[in-house]
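Engineer: Here it is: the structure, laid out below.
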Amino acid sequence: MDLLEVLHLDELSQGLANLSMFPYFDMAHYIVSIMALREQPGALEVSRVSPLACWFSSMLFCFGGAVLSAIMLAEPVVAPLSNSTSVLLASMIWYLVFYCPMDLVYCCAALLPLRLVLSGMKEVTRTWKVLGGVTQAHSKYKDSLLVMIAIGWAKGAGGGLISNFEQLVRGVWKPETNELLKMSYPTKITLIGAVLFTMQQTHYLPLQKHHLMLFYTVFTVVNKSRMMLTGSSSSPFAAIESAIYKTLFSGHSPYATLTDEVKKACIDNGTTSTSTATTKESSENGGAGKHVPVSPVKGRRGSLKAKEESESAETTSCKKTD
Amino acid sequence: MDLLEVLHLDELSQGLANLSMFPYFDMAHYIVSIMALREQPGALEVSRVSPLACWFSSMLFCFGGAVLSAIMLAEPVVAPLSNSTSVLLASMIWYLVFYCPMDLVYCCAALLPLRLVLSGMKEVTRTWKVLGGVTQAHSKYKDSLLVMIAIGWAKGAGGGLISNFEQLVRGVWKPETNELLKMSYPTKITLIGAVLFTMQQTHYLPLQKHHLMLFYTVFTVVNKSRMMLTGSSSSPFAAIESAIYKTLFSGHSPYATLTDEVKKACIDNGTTSTSTATTKESSENGGAGKHVPVSPVKGRRGSLKAKEESESAETTSCKKTD
Amino acid sequence: MDLLEVLHLDELSQGLANLSMFPYFDMAHYIVSIMALREQPGALEVSRVSPLACWFSSMLFCFGGAVLSAIMLAEPVVAPLSNSTSVLLASMIWYLVFYCPMDLVYCCAALLPLRLVLSGMKEVTRTWKVLGGVTQAHSKYKDSLLVMIAIGWAKGAGGGLISNFEQLVRGVWKPETNELLKMSYPTKITLIGAVLFTMQQTHYLPLQKHHLMLFYTVFTVVNKSRMMLTGSSSSPFAAIESAIYKTLFSGHSPYATLTDEVKKACIDNGTTSTSTATTKESSENGGAGKHVPVSPVKGRRGSLKAKEESESAETTSCKKTD
Numbered sequence: 001m002d003l004l005e006v007l008h009l010d011e012l013s014q015g016l017a018n019l020s021m022f023p024y025f026d027m028a029h030y031i032v033s034i035m036a037l038r039e040q041p042g043a044l045e046v047s048r049v050s051p052l053a054c055w056f057s058s059m060l061f062c063f064g065g066a067v068l069s070a071i072m073l074a075e076p077v078v079a080p081l082s083n084s085t086s087v088l089l090a091s092m093i094w095y096l097v098f099y100c101p102m103d104l105v106y107c108c109a110a111l112l113p114l115r116l117v118l119s120g121m122k123e124v125t126r127t128w129k130v131l132g133g134v135t136q137a138h139s140k141y142k143d144s145l146l147v148m149i150a151i152g153w154a155k156g157a158g159g160g161l162i163s164n165f166e167q168l169v170r171g172v173w174k175p176e177t178n179e180l181l182k183m184s185y186p187t188k189i190t191l192i193g194a195v196l197f198t199m200q201q202t203h204y205l206p207l208q209k210h211h212l213m214l215f216y217t218v219f220t221v222v223n224k225s226r227m228m229l230t231g232s233s234s235s236p237f238a239a240i241e242s243a244i245y246k247t248l249f250s251g252h253s254p255y256a257t258l259t260d261e262v263k264k265a266c267i268d269n270g271t272t273s274t275s276t277a278t279t280k281e282s283s284e285n286g287g288a289g290k291h292v293p294v295s296p297v298k299g300r301r302g303s304l305k306a307k308e309e310s311e312s313a314e315t316t317s318c319k320k321t322d
Numbered sequence: 001m002d003l004l005e006v007l008h009l010d011e012l013s014q015g016l017a018n019l020s021m022f023p024y025f026d027m028a029h030y031i032v033s034i035m036a037l038r039e040q041p042g043a044l045e046v047s048r049v050s051p052l053a054c055w056f057s058s059m060l061f062c063f064g065g066a067v068l069s070a071i072m073l074a075e076p077v078v079a080p081l082s083n084s085t086s087v088l089l090a091s092m093i094w095y096l097v098f099y100c101p102m103d104l105v106y107c108c109a110a111l112l113p114l115r116l117v118l119s120g121m122k123e124v125t126r127t128w129k130v131l132g133g134v135t136q137a138h139s140k141y142k143d144s145l146l147v148m149i150a151i152g153w154a155k156g157a158g159g160g161l162i163s164n165f166e167q168l169v170r171g172v173w174k175p176e177t178n179e180l181l182k183m184s185y186p187t188k189i190t191l192i193g194a195v196l197f198t199m200q201q202t203h204y205l206p207l208q209k210h211h212l213m214l215f216y217t218v219f220t221v222v223n224k225s226r227m228m229l230t231g232s233s234s235s236p237f238a239a240i241e242s243a244i245y246k247t248l249f250s251g252h253s254p255y256a257t258l259t260d261e262v263k264k265a266c267i268d269n270g271t272t273s274t275s276t277a278t279t280k281e282s283s284e285n286g287g288a289g290k291h292v293p294v295s296p297v298k299g300r301r302g303s304l305k306a307k308e309e310s311e312s313a314e315t316t317s318c319k320k321t322d
Numbered sequence: 001m002d003l004l005e006v007l008h009l010d011e012l013s014q015g016l017a018n019l020s021m022f023p024y025f026d027m028a029h030y031i032v033s034i035m036a037l038r039e040q041p042g043a044l045e046v047s048r049v050s051p052l053a054c055w056f057s058s059m060l061f062c063f064g065g066a067v068l069s070a071i072m073l074a075e076p077v078v079a080p081l082s083n084s085t086s087v088l089l090a091s092m093i094w095y096l097v098f099y100c101p102m103d104l105v106y107c108c109a110a111l112l113p114l115r116l117v118l119s120g121m122k123e124v125t126r127t128w129k130v131l132g133g134v135t136q137a138h139s140k141y142k143d144s145l146l147v148m149i150a151i152g153w154a155k156g157a158g159g160g161l162i163s164n165f166e167q168l169v170r171g172v173w174k175p176e177t178n179e180l181l182k183m184s185y186p187t188k189i190t191l192i193g194a195v196l197f198t199m200q201q202t203h204y205l206p207l208q209k210h211h212l213m214l215f216y217t218v219f220t221v222v223n224k225s226r227m228m229l230t231g232s233s234s235s236p237f238a239a240i241e242s243a244i245y246k247t248l249f250s251g252h253s254p255y256a257t258l259t260d261e262v263k264k265a266c267i268d269n270g271t272t273s274t275s276t277a278t279t280k281e282s283s284e285n286g287g288a289g290k291h292v293p294v295s296p297v298k299g300r301r302g303s304l305k306a307k308e309e310s311e312s313a314e315t316t317s318c319k320k321t322d
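As you go down the protein sequences, you meet chains A, B and C in turn. In terms of the UniProt record's numbering, the first sequence opens at residue 1 and continues consecutively. In terms of the UniProt record's numbering, the second sequence opens at residue 1 and continues consecutively. In terms of the UniProt record's numbering, the third sequence opens at residue 1 and continues consecutively.
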């Protein structure tokens, strides 16, 4: 802790911990989320055909975490709706992003520097949401690490985890892809956050809460900015993941070569079946999906991925729409 | 209020407000709902293959609103089942509509005059259900208009809103269509009712509850009867909807012509993609869907619409089945 | 009761009623359930591609009943997760069944004698789960037979009833089949158990609880063993079901021949549509589904059936995988 004191990090982290998310950070979260929705294939068409479905979809993007954790804890699903100020704010942003004359709001927010700032601020809200979930679960299930992780994860990455059902609202159904089968970066980083905050809460991690908040927030913001600036979607945990996977889930049998062949066959099959799905997808979106072309190479990650990929600055997409 | 007193409307509305829904109006609701289920494509086949799935589907048609509002308020989903009398009544009607010897019950109830009366009575129950939902939400969330509207809507139009999952029980899955993407008339009128009763409850609407109940009930019954008699499925709100849509959701940009073109393209795409879906649908139902032929023109509205369209008197359909 | 006393059945049933499910019987339930998951088409591929989705799927197989009954009673869905010991035990078994070096655990457990014992022990847990559900529902809804049956059924056969959504976790979506449309044997026997225990609880069945537990357990275990040894999947209730169906759901109209024709047409249509679905299925699984070939004849029962069919001793399947 001495080092922390020297660097004034203690004060900084205290200041951060006392930061209020409302209204600026929440606004950034709503803007980035609703822009991500708008960039989903077909979303713009839905916004013309049925503003209500579009609004409901937007609310699921903004409050998905609250809805999912409410379902998991058997609390009223409508509770997020009862916070009128937040819903009103999110609805206003929804309206401006989708229906603003001359598309001013979307085009401005899609400019790289602004988008970078907004995305950074959205990442900050993640810390608060994960911590909120973990704390809430801790107050009900004192000793259950798993429940705390699950609720923290759900609260922080709810929009992604329920994306199959969010898509259903817009008439899209892609059962072959979900966040558990192929985790996107935000879902992964949220899971790691949920684990860390749970360990801090149960004193397995010898860190003070506001220090962890600072470290986690800085990490997510820096990493997000790096990904947006370099346009890379590579996970910073790829090496660790690969090591864990090889150690735990590949089996160390004397028949290693045989197993590898089986595995290769499995993966080949997987690829084949998903690529077929992608082809189907792209042919389905043939008419409607002009807005964001899905290359077959990217196709693998599916639309879930698209949500976040679209967050990386693609200011060109704005030109297409008006 | 003087005018009301002159017309004796005050007494009439008081009388109406004290009307008990059980058993006659509830019965009418069950009969019309289960007949609507029976007229869904493929439902008759399901009733032969799996009476249990058919019964469960019927219960979702009859108690869908109660189930949906229970989920939203985190109350036990099984609660509607605990009202043994209602479930028994609905089950008896389900049995008679689907399995009555010589199909007597369905054929009688499908006669235009009787169906007209039953549908009118079903519309009356809508008022009670919407009001019940709004009141229930008001007791929990005093100040949240949105929650009150949502629960009132869910209670009154639950069967329609959960129709994707009701269809799943019968092995049918049509993700490209739902009540939010393309609202049917009953869903719309219920939403309007939920808004009105919420405004009355929160005193934004300077009307007494029983007066509003009278007006709303008369409107829904008259309108339903008109639609059944003329066979028209045109919404009485088409003009207002169109005006709101043009004002709020089309954008008033100087690039109006361009925007219009984009919009036209969007709608064209939308139509193309849905018509493809319809073709797929009709080919899928090729064998099973003989009972109610879906014309490509109607196809757009999909099966959700069919539910209500089928409620318009088509006594001829009876002849086909026996 | 005299006969019972003579046969010492009273003491035996008392002993059985005091038996603890944890840990041995629970372990058998987890092993058999997770092996059933592993034998689903495509499950092995999922276990390689996404261990997390595989783990979540396994937990739904093991705790599906608890999850479903929690949803129905508006209790926290995460509650089963809060029982750390059970989750840890199930997770360990999941790991060993899917990732054990040289596939030792799966191959051993798949040997007929061991599988027979494990399946028998799993059937014993069914009694406890159904009884637990009925008792829990009875404490909340004293007079509602239907709720008690529903919760008992959900708790005992939850994994099957939510299988559509469990499959969705693994990226599989088969809307044309569910446990209500075509009940599998375990779902049927659980429903019968739920009815019996509900009648015992409400004193309509003049039997003591531990006697009923003994009879029901013996019946399920013997029947399961018989089915595994003879490899038959014929239901012992086929005759009763057929009689009930003919009495209640076929209609005794004077137009019997006509009705029969209609019914035949219906069933033909049904078959046609499902066989089309099966073809689609098998072509979809063309690559991924090599592990368990689905014959078009069996195809009708779909994957739900596969879950249980796979439980019948097919020790040969082990040879295929390593």
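Glycine included, C-beta positions come from ideal geometry on N, C-alpha and C. Remember, predicted model here, so these are calculated numbers, not experimental data.
(1) Looking at the structure shown, is B/P175 part of a helix, part of a strand, or coil, going by DSSP?
(2) Just tell me which of A/V87, A/P23, A/V218, A/L104 has its CA closest to the CA of A/L16.
(3) Using alpha carbons as the reference points, say which of B/W128, B/I71, B/S69, B/A43 lies closest to B/L212.
(4) Could you tell me the boundaries of the alpha helix (DSSP H) in which B/I162 lies?
(5) With a cut-off of 8 angstroms, does the C-beta of A/L53 fall near any C-beta of chain B?
(6) So does the segment 83-95 of chain B actually touch the segment 140-150 of chain C, counting three or more Cβ pairs closer than 8 angstroms?
(7) Assuming the contact rule is C-beta atoms closer than 8 angstroms, A/S69 and A/G158 should be a hit. Round their C-beta distance to whole Å, please.
(8) Is it right to say C/C108 is buried, meaning 16 or more other beta carbons lie within 10 angstroms of its own, or is it exposed?
(9) Would you say C/W76 faces chain A, with C-beta separation under 8 angstroms as the test?
(10) Buried or exposed: where does B/M121 fall if 16 or more other Cβ atoms within 10 Å of its Cβ makes it buried?
(11) Between which two residues does the alpha helix (DSSP H) harbouring B/T247 extend?
(12) Give the straight-line distance between the Cα atoms of A/W173 and A/A43, rounded to the nearest whole angstrom.
(13) Quick one: grab the DSSP three-state call for A/K155.
(14) CB B/T125 to CB B/H29, shorter than 8 angstroms?
(15) Roughly how many whole angstroms lie between the Cα atoms of C/L168 and C/H210?
(16) Return the CA-CA distance between C/S163 and B/R115, expressed in angstroms with no decimal places.
(17) Less than 8 angstroms between CB atoms is the rule here; does C/W173 satisfy it with respect to chain A?
(18) Could you tell me the distance, in whole angstroms, from the CA atom of C/G64 to the CA atom of B/P41?
(19) Whose C-alpha, out of A/S234, A/I31, A/M72, A/K246, is nearest the C-alpha of A/V123?
(20) Counting only Cβ pairs nearer than 8 angstroms, list the residues of chain A close to C/Y141.
(21) Of the residues that make up the segment 93-110 of chain A, which ones have a beta carbon closer than 7 angstroms to any beta carbon in chain B?
(22) Using a Cβ-Cβ cut-off of 8 angstroms, state whether B/V130 counts as contacting chain A.
(23) Quick check: is the beta carbon of A/F63 nearer than 8 angstroms to any beta carbon in chain B?
(24) Name the chain A residues that come within less than 8 angstroms of C/S163, Cβ to Cβ?
(25) Tell me the DSSP secondary structure of C/Q200 in three-state form.
(26) Let me know if A/P186 comes out buried or exposed under the rule of 16 or more other beta-carbons within 10 Å of its beta-carbon.
(27) Please name the residue, chosen from A/S33, A/I34, A/F197, that lies closest to A/G132 on a Cα-to-Cα basis.
(28) When the Cα atoms are used, what is the spatial distance from A/T230 to A/N223?
(29) Please check if any C-beta of chain B sits within less than 8 angstroms of the C-beta of A/S144.
(30) Quick one: measure Cβ to Cβ for C/I71 and B/V67, integer angstroms, because I've assumed they're closer than 8 angstroms.
(31) Residues of chain C with CB closer than 9 angstroms to the CB of B/L168, please, in chain order.
(32) So is A/A150 in contact with chain C if we call contact Cβ pairs under 8 angstroms?
(33) For C/R226, count the other beta carbons within 10 Å of its own beta carbon; 16 or more makes it buried, fewer makes it exposed. Which is it?
(34) By the three-class DSSP mapping on this structure, what secondary structure does A/L88 have?
(35) So C/G160 and C/V130 are supposed to be a Cβ contact under 8 angstroms. How far apart are they, rounded?
(36) Under a three-way DSSP split, which group does A/A28 fall into?
Structural biologist: With the given structure in hand:
(1) Three-state DSSP puts B/P175 in coil, outside helix and strand.
(2) From the listed residues A/V87, A/P23, A/V218, A/L104, the smallest Cα separation to A/L16 is found for A/V218.
(3) The option with the nearest alpha carbon to B/L212 is B/W128.
(4) Counted as a single uninterrupted DSSP element, the stretch harbouring B/I162 is not any alpha helix (DSSP H), since DSSP gives it neither H nor E.
(5) The identity of residue 53 of chain A in the sequence shown is Ala, whereas the question assumes Leu. Closer than 8 angstroms to some Cβ of chain B, the Cβ of A/A53 qualifies, so yes.
(6) Contact holds between the segment 83-95 of chain B and the segment 140-150 of chain C, because three or more Cβ pairs, one in each stretch, are under 8 angstroms apart.
(7) Their Cβ separation, rounded to whole angstroms, is 7 angstroms, which keeps A/S69 and A/G158 in contact under 8 angstroms.
(8) That one is exposed.
(9) Rather than Trp, the amino acid found at residue 76 of chain C in this sequence is Pro. For C/P76, the nearest CB of chain A lies under 8 angstroms from its own CB, placing it at the interface with that chain.
(10) B/M121 is buried by the Cβ-count criterion.
(11) Looking at the DSSP string, B/T247 is not in any alpha helix (DSSP H), and its letter there is neither H nor E.
(12) Taken atom to atom, the span from the alpha-carbon of A/W173 to that of A/A43 is near 13 angstroms.
(13) Secondary structure at A/K155: helix, using DSSP grouped into helix, strand and coil.
(14) Between B/T125 and B/H29, the C-beta gap is smaller than 8 angstroms, which places the two residues in contact.
(15) If you take the alpha carbons of C/L168 and C/H210, they lie about 39 angstroms apart.
(16) Distance between C/S163 and B/R115, taken at the CA atoms: about 39 angstroms.
(17) Closer than 8 angstroms to some Cβ of chain A, the Cβ of C/W173 qualifies, so yes.
(18) Going from the Cα of C/G64 to the Cα of B/P41 covers about 32 angstroms.
(19) Per the sequence presented here, residue 123 of chain A reads as Glu, with Val not at that position. Comparing alpha carbon positions, the residue from A/S234, A/I31, A/M72, A/K246 closest to A/E123 is A/I31.
(20) Chain A residues near C/Y141: none, gap ~17 angstroms exceeds 8 angstroms.
(21) Flagged, chain order: Y99, P101, M102.
(22) Interface with chain A (8 angstroms Cβ-Cβ cutoff): B/V130 is excluded.
(23) Interface flag for A/F63 against chain B is unset, since no Cβ pair is found closer than 8 angstroms.
(24) The contacting residues do not exist; C/S163 stays about 13 angstroms from chain A at best.
(25) DSSP places C/Q200 in helix when its eight states are reduced to three.
(26) A/P186 comes out buried.
(27) It is A/F197.
(28) Roughly 11 angstroms separates the two Cα atoms.
(29) Interface residue (Cβ-Cβ distance to chain B less than 8 angstroms): A/S144 is not classified as such.
(30) With a Cβ gap of about 11 angstroms, C/I71 and B/V67 do not count as contacting.
(31) Within 9 angstroms Cβ-Cβ: N164, P175, N178.
(32) At least one chain C Cβ lies under 8 angstroms of A/A150.
(33) Of the other Cβ atoms in all chains shown, fewer than 16 fall within 10 Å of the Cβ of C/R226; this residue is therefore exposed.
(34) Here A/L88 sits in helix by DSSP.
(35) At roughly 13 angstroms, the Cβ-Cβ gap does not stay under 8 angstroms, so C/G160 and C/V130 are not in contact.
(36) In the displayed model, A/A28 falls within a helix according to three-state DSSP.
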